[in-house]
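Novice: Numbers 38 to 1141, taken from this note's numbering, label the letters of the sequence shown in order.
After the C-alpha cells below, expect a handful of questions from me.
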Amino acid sequence: MEDAGDYTCTASNSYGRDSFAVTLVVQDVPGSPHGLRVSQRGSRYLVVSWLPPTTTHTPVDTYIVQYRPATRGTWSDSQEESVRGETTTARLTPLVPDTQYLVRVLAANHLGASPHSEPLQVRTEGEAPSAPPTSVRSDAVSPTSLRVVWEPPPAHTHHGDLLGYHVGVRRHDLGNDESYNFSVVGVGAGGGGREVVTALRAWVQYAVAVRAYNAHGAGPVSPPVVVRTLEDVPSSPPVGVECSGGAGGTSLHVRWAPPPPAFHNGLLQGYRLTLTRLDDSTEKVEELTKMTSGREESMGGLRAWSNYTVTVSAVTRAGAGVSSPDLVCTTREDVAGVPGGLRALQSDVGAAVLTWLPPHPPTGVLLGYTLNHRPPHARAPLQHPLHAHANSHTLTHLNRGTHEFWLTARTRAGEGKPTPTIKLTILDQVAAGVASLGKEVVATLGDDVRFVCVTVGSPPATPTWSVDGRHLGKDGRFTQEADGSLVIRGVERGDRGNYTCSIHSVRKSPYVHTSTTYVLHVQVPPTAPSVHIADATSSTLTVSWAAGDTGGAPVRAWAVWWRAAVGGGVWHTRELGRTHSRHVINELQCGTEYQVYVTARTHVGVSPPSRPLTARTSGSPPVAPPTRHVASGNSTGVWAWLGRWADGGCPITHFTLELRRPRDPSWTTLASSLAPQDVYEVGGLQAGAVYGLRLTAHNAAGATTSTVDISTGPGGGLGAQPAGELELAPPNPIHTDPRLMASAAASALALALTVAAAVLCFRRRVAAGRSGRGAPEDQEAEQNKTNLLQQRDTYYATVRKPQPVPATLERIPEYSEDIYPYATFQLGEGRGAQDDTVTNKFQTFVFQDSRYGVTEGHPPTSPSRPTPKKSHGRSGSRGRGAGGPRSESEEYDSLQSDTDTEHATSSRTESSIHLDSATLESHHTALHLPLDPHLATLESRPDAQAAHAARRPASRTVHHNLIYHAPESSTSTEPSPILERKSFPRKSDGNKLGRGGAFQGRGLSKMVASIRGGTQETCLSFPKAGHASDSKSSDDGKYGFTRQITPPVGFSSSHNELSEAECDLEMRRRNKEAEAASAAYVGHSRSQFRSYVSGKEKDYSIKV
38 MEDAGDYTCT ASNSYGRDSF AVTLVVQDVP GSPHGLRVSQ RGSRYLVVSW
88 LPPTTTHTPV DTYIVQYRPA TRGTWSDSQE ESVRGETTTA RLTPLVPDTQ
138 YLVRVLAANH LGASPHSEPL QVRTEGEAPS APPTSVRSDA VSPTSLRVVW
188 EPPPAHTHHG DLLGYHVGVR RHDLGNDESY NFSVVGVGAG GGGREVVTAL
238 RAWVQYAVAV RAYNAHGAGP VSPPVVVRTL EDVPSSPPVG VECSGGAGGT
288 SLHVRWAPPP PAFHNGLLQG YRLTLTRLDD STEKVEELTK MTSGREESMG
338 GLRAWSNYTV TVSAVTRAGA GVSSPDLVCT TREDVAGVPG GLRALQSDVG
388 AAVLTWLPPH PPTGVLLGYT LNHRPPHARA PLQHPLHAHA NSHTLTHLNR
438 GTHEFWLTAR TRAGEGKPTP TIKLTILDQV AAGVASLGKE VVATLGDDVR
488 FVCVTVGSPP ATPTWSVDGR HLGKDGRFTQ EADGSLVIRG VERGDRGNYT
538 CSIHSVRKSP YVHTSTTYVL HVQVPPTAPS VHIADATSST LTVSWAAGDT
588 GGAPVRAWAV WWRAAVGGGV WHTRELGRTH SRHVINELQC GTEYQVYVTA
638 RTHVGVSPPS RPLTARTSGS PPVAPPTRHV ASGNSTGVWA WLGRWADGGC
688 PITHFTLELR RPRDPSWTTL ASSLAPQDVY EVGGLQAGAV YGLRLTAHNA
738 AGATTSTVDI STGPGGGLGA QPAGELELAP PNPIHTDPRL MASAAASALA
788 LALTVAAAVL CFRRRVAAGR SGRGAPEDQE AEQNKTNLLQ QRDTYYATVR
838 KPQPVPATLE RIPEYSEDIY PYATFQLGEG RGAQDDTVTN KFQTFVFQDS
888 RYGVTEGHPP TSPSRPTPKK SHGRSGSRGR GAGGPRSESE EYDSLQSDTD
938 TEHATSSRTE SSIHLDSATL ESHHTALHLP LDPHLATLES RPDAQAAHAA
988 RRPASRTVHH NLIYHAPESS TSTEPSPILE RKSFPRKSDG NKLGRGGAFQ
1038 GRGLSKMVAS IRGGTQETCL SFPKAGHASD SKSSDDGKYG FTRQITPPVG
1088 FSSSHNELSE AECDLEMRRR NKEAEAASAA YVGHSRSQFR SYVSGKEKDY
1138 SIKV
C-alpha cells in the first residue's frame, strides 16, 4: 500500500528532455466500516447505519450486515443482509420482538471482505404477546363461581416479560355480542395461573377465555371454554299468590305463578306450599306443608274461621328457594262449637245459677246462646235465649225436684251442638259450693288480671286462694275482693301458675263443686336472637340467626338492621316473616365494614337488638404492581401504567397522580380524580433528570399509594425508546474489558516504581548533603587520628542468644538500654607468641547507666523507667518490637539489683557500644586485660604516646567498665549467661575466606558503624587483613579489633546513617593512611555497631 502514488519517468539528452507520468493505484480489501448504530427500531425490524471505511483507494462493492440473537447461536449461523457499496444503511427484518441481537457489518469488493466492525448489541422493541395461553380449563365450584386454570403461551411468543393475565367471562346464552368481563390475575408458579371467578349467576352457561399481557399490551384471547355454573335455589319467589276459603270452612284454595326464568337458578322440580296458623294465646304454631308440581292447590283439614299464613316457594335440585311474601288467609265460618263447662248449683231456695264457657275454638262470630231447661215431669224444655257475652244465668221460682239443663251456641253459620245435659235437684236447704268455672288465662306483662270466684250456700262460705298449692298471702299486688274474686295488678313473668279458689263448709254435698282453678300464662317480649355472619362477598353479607326466648308468644316477624361501621350513617332495615332464619343483605360496598343486628317481634312486643356484629364485605384496597411496572419514561415524558393495578376485589374508582420535580421536595398534584385507564402520559419534562411519581389508587375498600423515581435520560425508566432515536453501540463497562484493565495495571505499576525511585533518590541526596555539612568535623577527626591509633580501644558488646534466622544475627541494638548488663570480651594473649596456646582471662564488670545513678558500691537512687528513644535509621520507623513502649519485661530492672532476669535468654542477637560519660568521670577502676602484643607495639610508639598524653587530662585517669561474660558473675546469684551465649556466626563464602581463615576481599574486611553525633558522622572501619601474623592464632583473628576508632562527640537521632558506598570510600582513604603505622587486623563480623554516647568529647584510652 505504501507503493501507491504518482511515478514520473524522465529522459534527457543534449537536445532536450521528456517525461512520462504514471499513477500507481494499489487496491486491497476495504477497511472495516465504523460508527455502526441503530437509526430506527421496531418490534420486528431494525434499521442500522454506519460510516464507510476511511481508505478511499479501495472501492466498496457491497456491504454485508450480519445479525444473530445474542443469547444463542454463533456467527456462522447468523443471517445476512447485503446492500450496495454506495448505501450505508440496511433494514433488518424479520426479527423477533423484545430480543437482544448482535449486529456487525463488513465491506467487500472483488478482492475480498474487510474485517468486521465492532458488534452492536441492540434489543428490538417489545410488543403484545402473539399467542394466547394454552391448556385453558374451567369447572364449576359453586353456583356463583368458576375455577379457571391455564398454562402460559409459548416462550417465543411472550415478546417481553409477562406481567399477568386477563381472565374474561361472558354469558354464553346471550350470544357473541356480549363482551368479556376481564379481571386481572398475576403470573403464578411456572408462568401459568389459576383464578376463581366469582359473582356469577347460578345455572348459567359462561364462555371463559384468558389472555396474557406485558408492558406493550394484551395478547389474543384463548378459544372460549363453555361451562355452566352449579344449580342453586331459586332466587325469586313465585308470583301472583292468592287464596280463597273452601267449602265448609275447613279448607283453603291457593293459586300462584312461577318465578321469572332468570331467577330459576336451575331446573324447577315443583313448589312447596306452606300454611301456618298462629295461636297468640299459646306458643303453639300449626304448620302444614305440601309439595305440588302444579300452580294451584287446595289444603283441607283446617280450622274454621282461623287465620292462616300462606307462602309458596319454587324448588330445584338444590332445594326450595325464596318464599313468597306472607299472605294471611282466613277460613270460612262454621256452626258454633259446643260451649264448655256448663255447671248448675242451687243458689237459694227455689233458685239455681248456671255458668259456662264459650265454645273453643271459635268457629265464627258468636251470636248468642240458647239455654234449654226441662222442669220436673215436663216433656218439652223451656228455652232461654242468652247474649253472646253471657257466661252465667240464674233461674228462680223453681219447684222442688230434679231439673235438666243443656246449652247451645250459634253463629252466622248456624247453631252448634248442645252441651251434655246436667241435672240439678232443688232442696229446702242450700249446700255450699263454688259456681265459677276455671280456665286458662293469658296475660301480657304489666296487665291487671281478675279471677272470679262465685260461691253459694247458706250460710255463705268464705273462699280462699292458693297458687300451685301454696296459700296466697297478702301482697300489695294481690287483692281479694268482697265477692271473693282475686285481682293481680301489674302481672309479672313470675306470677304465672295455677290459682285455685276453694271453700270450707260443714254442710257439703258430694254433688257440689267446692273449688275452681285458673291457669295463668304471662307473656313477655322476646329476648334478643343469636346472630352470626354466614357468608360475605364483595357486595353481600349473609346473616343467620336463631330465636332466643320468645316470651311465651310465637314470633311473628324478624327485622334485620345494618349500616356502615365507619362514619356512622343511617340504619337500614328489612322485615322478614317468622319462618325466616337467614337473610342476604345486597348492594353493599366492596371491602367495607358493616354493623349488623337482628330483632324479633311478637304480639307482645319487640326484642332488644342482638349483639351488633362487625363484618366486612370481601375485597381489599387496590394492589400496586411491582415498582418497575408502576411507571416508565423516556427523555421527554413519563407513562403511568394504571391498567397494571389490581383492584383487590373492589373496582378502582379513581387515581390520584402527583409529581415531584428535581431538587424540589414538594409534590404537585397533576390529577386528583383520574379515571381508570390503561396508561396515562405526563409530558413536557426535562431530559436527563430524575422525577418522583406518586400514584394512589382508590376503591371502596381504601387507597394504596406507590412512589417511584423515574429517570428521563436516554432509555430511562422502564419505557421503550420512541422510534427514530439513535442508539449507539453500548460501551463495555471498564471492569469487564481485560485489555483496558491490563493497561491500567501496568500504568499504575510504572507510576508506583517512578515515585519510589524519586523518593529514594531524594533521600540519598539529603543524606549526601548532610555528609557534606559534616566535613569540618571529619577533618578534625583526621587530625587526631594519630593519637587514636595509640589509644586503647574500648569495646562494649552485648551478645544475646541468636535468632535461628541468619538475617537477624547481626542486628544492632537501637537503644542504650538494650546493652545487656553482662557481656563477655575475649582478647588474645598476643600475636606472634611462641606458644600457639592462647590463654584468655575473663572478668565480670557491672554495667552502669548514668540515668539510674548506680555505681559499684553505692546504693541506687530513686530510679525511673527510661523513656525509649526513637531510632531514625534507614528503615524509617524501625524501633524496638512493634515500635511502641517497652513492657516491664523488657526493662532492665536488674541494673539496680544484684539479681539478673531472663534477659540472658533473649532470642535477639544485638551488638552495641555504650559510653557513659558520667560513669567515666565519677569512677576510676583499674582494668586488667590480656595484653595483645600489637596493642603493646602501638602503645610503645613515641608518636602514639605523645598523642595519647596530649589528649588525656592530667588530673584524672579515665577507666571504662568493660562488660563481658565470665563463668560466674560475682554480682549475681544466677548462673552466668555465658552458658547460653553463642559466638557470632560467620558467613563462609569461598570468595571471601583465605587459607588462614581470615576474611578476604574488601567487602568483608571492614566493619562499618554509623555513629551519629551532634556535629559529625563517623564510619568505623577495619583495615584489610594481610599480615602473616594473622595466621598464627585463629582465636586472635577471631577476636581481633581495628587499629583506630574515631570516637563520637555526642549522640543524636536526627541524622541518617551513611550509606555503605560512602563508608567504603571513607574507609579506603583512612586505611591507606594507617597502613604505614600499624598492622592490619581482620574484623570479626560484618555487623555495624552503633554507639550511644552523651556529653562532650572524652578520652577513651584504656590503661593496661
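Glycine residues also receive a C-beta, built at the ideal position from the N, C-alpha and C atoms.
If you're wondering where the values come from, they're calculated on a predicted model, not measured in any experiment.
I need the DSSP call for Arg-1105, collapsed to helix, strand or coil.
Specialist: Within the sequence shown, numbered from 1, the residue matching residue 1105 stands at position 1068. DSSP places Arg-1105 in helix when its eight states are reduced to three.
Novice: Roughly how many angstroms lie between the CA atoms of Arg-81 and Arg-121, to the nearest whole one?
Specialist: Within the sequence shown, numbered from 1, the residue matching residue 81 stands at position 44. Within the sequence shown, numbered from 1, the residue matching residue 121 stands at position 84. Cα-Cα distance, rounded: 23 Å.
Novice: Which whole-angstrom value describes the C-beta separation of Pro-70 and Pro-90, a residue pair presumed to lie in contact below a C-beta threshold of 8 Å?
Specialist: The residue labelled residue 70 in the question sits at position 33 within the sequence shown. The residue labelled residue 90 in the question sits at position 53 within the sequence shown. Right, the Cβ-Cβ distance comes to about 6 Å (below 8 Å), so this counts as a contact.
Novice: Quick check on the DSSP output: what are the complete beta strand (DSSP E) runs of length 3 or more inside the stretch 377-436, in order along the chain?
Specialist: Counting only runs of 3 or more, we get 377-385, 388-394, 403-411, 419-424, 429-432.
Novice: Am I right that Ser-647 and Val-568 are in contact with their C-beta atoms under 8 Å? What's the rounded C-beta distance?
Specialist: In the sequence shown, residue 647 corresponds to position 610, counting from 1. In the sequence shown, residue 568 corresponds to position 531, counting from 1. Indeed they touch by this definition, with Cβ atoms about 4 Å apart.
Novice: Do you know whose CA, among Ser-343, Thr-537, Phe-515, lies nearest Arg-507's CA?
Specialist: Position 470 of the sequence shown, counted from the start, is the residue given in the question as residue 507. Nearest option by C-alpha distance: Thr-537.
Novice: Judging by CA-CA distance, which residue of Val-173, Val-140, Leu-132 is the nearest neighbour of His-196?
Specialist: Taking the sequence shown and counting its residues from 1, one reaches residue 196 at position 159. Of the candidates Val-173, Val-140, Leu-132, the one whose C-alpha sits nearest the C-alpha of His-196 is Leu-132.
Novice: Exposed or buried, what is Thr-651 when buried is set at 16 or more other beta-carbons lying within 10 Å of its beta-carbon?
Specialist: Residue numbering aside, residue 651 sits at position 614 when the sequence shown is read from its first letter. So Thr-651 ends up on the exposed side.
Novice: Leaving out five residues on either side along the sequence, give the residues of the same chain with a beta carbon under 7 Å from the beta carbon of Gly-761.
Specialist: Within the sequence shown, residue 761 is the residue found at index 724, counting from 1. In this predicted model, Gly-761 has a pLDDT of only 33, less than 50, meaning its place in the structure is not dependable enough to derive any value.
Novice: As an exercise, report each continuous beta strand (DSSP E) stretch of at least 3 residues that is fully enclosed by the stretch 561-644, in chain order.
Specialist: For the stretch 561-644, whole beta strand (DSSP E) runs of length 3 or above, ordered along the chain, are 567-573, 578-583, 594-601, 609-614, 619-622, 630-638.
Novice: Just confirm the distance between the C-beta atoms of Val-234 and Val-204, as a whole number of angstroms; I'd bet it's less than 8 Å.
Specialist: Your numbering for residue 234 matches position 197 in the sequence shown. Your numbering for residue 204 matches position 167 in the sequence shown. Yes, Val-234 and Val-204 are in contact; Cβ-Cβ is about 6 Å, under 8 Å.
Novice: When the Cα atoms are used, what is the spatial distance from Glu-164 to Val-63?
Specialist: Looking up residue 164 in the sequence shown gives position 127. Looking up residue 63 in the sequence shown gives position 26. Roughly 50 Å separates the two Cα atoms.
Novice: How many Å lie between Thr-499 and Ser-473 at the Cα?
Specialist: For the purposes of this step, residue 499 is identified with residue 462 of the sequence shown, where counting begins at 1. For the purposes of this step, residue 473 is identified with residue 436 of the sequence shown, where counting begins at 1. If I take the Cα positions, the gap works out to 14 Å.
Novice: Is the separation between the beta-carbon of Leu-557 and that of Ala-446 shorter than 9 Å?
Specialist: Counted from its first residue, the sequence shown places residue 557 at position 520. Counted from its first residue, the sequence shown places residue 446 at position 409. It is not a contact, given that the beta carbons lie outside the stated cut-off.
Novice: If I'm right that Leu-379 touches Ser-429 with Cβ under 8 Å, what's the distance once you round it to whole angstroms?
Specialist: As a working note, residue 379 is residue 342 in the sequence shown. As a working note, residue 429 is residue 392 in the sequence shown. Not confirmed; about 10 Å, so no contact.
Novice: What are the boundary residues of the beta strand (DSSP E) that includes Asn-302?
Specialist: Residue mapping note: residue 302 aligns to position 265 of the sequence shown, counting from 1. Run containing Asn-302: none; DSSP gives neither H nor E here.
Novice: Between which two residues does the beta strand (DSSP E) holding Pro-667 run?
Specialist: For the purposes of this step, residue 667 is identified with residue 630 of the sequence shown, where counting begins at 1. According to the sequence provided, residue 667 is Val. The question's Pro does not apply to it. Careful: Val-667 lies outside any beta strand (DSSP E) and carries neither H nor E.
Novice: Could I get the ranges of all uninterrupted alpha helix (DSSP H) runs contained in the stretch 451-523, with 4 residues as the minimum, in chain order?
Specialist: Those alpha helix (DSSP H) runs which fall completely within the stretch 451-523 and span 4+ residues do not exist here.
Novice: Where do the ends of the beta strand (DSSP E) carrying Ala-127 lie?
Specialist: As a first step, residue 127 must be located in the sequence shown, where it is residue number 90. That run of the beta strand (DSSP E) goes 126-129.
Novice: Just to confirm my understanding: we take Trp-598, look at its own chain, exclude 5 residues before and 5 after, and list those with CB closer than 6 Å. What are they?
Specialist: Working through the sequence shown from its first residue, we reach residue 598 at position 561. Closer than 6 Å at Cβ, skipping near neighbours: Trp-608, Thr-610, Tyr-634.
Novice: Taking just the CA atoms, how far does Pro-455 sit from Ala-468?
Specialist: By 1-based counting over the sequence shown, the position of residue 468 is 431. By 1-based counting over the sequence shown, the position of residue 455 is 418. Rounded to whole angstroms, Ala-468 to Pro-455 spans 28 Å at the Cα level.
Novice: What's the C-alpha gap between Val-559 and Gly-483?
Specialist: Taking the sequence shown and counting its residues from 1, the one referred to as residue 559 is at position 522. Taking the sequence shown and counting its residues from 1, the one referred to as residue 483 is at position 446. Looking at the two C-alpha atoms, the distance is approximately 9 Å.
Novice: How many Å lie between Ser-495 and Gly-470 at the Cα?
Specialist: Taking the first residue of the sequence shown as position 1, residue 495 is located at position 458. Taking the first residue of the sequence shown as position 1, residue 470 is located at position 433. Answer to the nearest angstrom: the Cα atoms are 10 Å apart.
Novice: For the 8 Å Cβ check, are there 3 or more pairs between the stretch 265-280 and the stretch 231-246?
Specialist: Output reads yes: the stretch 231-246 touches the stretch 265-280.
Novice: Check each candidate in Tyr-202, Glu-529, Arg-802, Asp-210 and name the one with the smallest Cα separation from Gly-256.
Specialist: Looking up residue 256 in the sequence shown gives position 219. Selected option, being the one with the closest Cα: Tyr-202.
Novice: Please report the straight-line C-alpha distance between Gln-714 and Pro-662, rounded to a whole angstrom.
Specialist: Working through the sequence shown from its first residue, we reach residue 714 at position 677. Working through the sequence shown from its first residue, we reach residue 662 at position 625. Roughly 15 Å separates the two Cα atoms.
Novice: I need the boundaries of the beta strand (DSSP E) containing Ser-182, first residue and last residue.
Specialist: By 1-based counting over the sequence shown, the position of residue 182 is 145. Segment 182-188, the beta strand (DSSP E) holding Ser-182.
Novice: Less than 9 Å between CB atoms is the rule here; does Gly-729 satisfy it with respect to chain C?
Specialist: Here there is only one protein chain, and chain C is not present.
Novice: Go ahead and pull the three-state DSSP assignment for Val-528.
Specialist: As a working note, residue 528 is residue 491 in the sequence shown. Reduced to three states, the DSSP call for Val-528 is coil.
Novice: If you run the structure through DSSP and keep just helix, strand and coil, what is Val-241?
Specialist: On the sequence shown, residue 241 is found 204 positions in, with the first residue counted as 1. If DSSP states are grouped into helix, strand and coil, Val-241 belongs with coil.
Novice: Answer with buried or exposed for Cys-798, where buried requires no fewer than 16 other C-beta atoms within 10 angstroms of its C-beta.
Specialist: Position 761 of the sequence shown holds residue 798. Exposed, because fewer than 16 other Cβ atoms sit within 10 Å of the Cβ of Cys-798.
Novice: What are the start and end residues of the beta strand (DSSP E) that includes Asn-213?
Specialist: Mapped onto the sequence shown, residue 213 falls at position 176. Per DSSP, Asn-213 belongs to no beta strand (DSSP E) and is neither H nor E.
Novice: Below 9 Å between beta carbons: does that hold for Ala-668 and Leu-722?
Specialist: Along the sequence shown, read from residue 1 onward, the residue named residue 668 stands at position 631. Along the sequence shown, read from residue 1 onward, the residue named residue 722 stands at position 685. No, they are not a contact pair.
Novice: So who's on the other strand from Val-221, going by DSSP bridges?
Specialist: As a first step, residue 221 is located in the sequence shown; it is residue number 184 there, counting from the start. His-203.
Novice: Please report how far the alpha carbon of Val-561 lies from the alpha carbon of Thr-636, in whole angstroms.
Specialist: Counted from its first residue, the sequence shown places residue 561 at position 524. Counted from its first residue, the sequence shown places residue 636 at position 599. When rounded, the distance between both Cα atoms is 15 Å.
Novice: In terms of DSSP beta bridges, what is Ser-350 paired with?
Specialist: For this step, residue 350 is matched to residue 313 along the sequence shown. Bridge partners of Ser-350: Arg-309, Ser-360.
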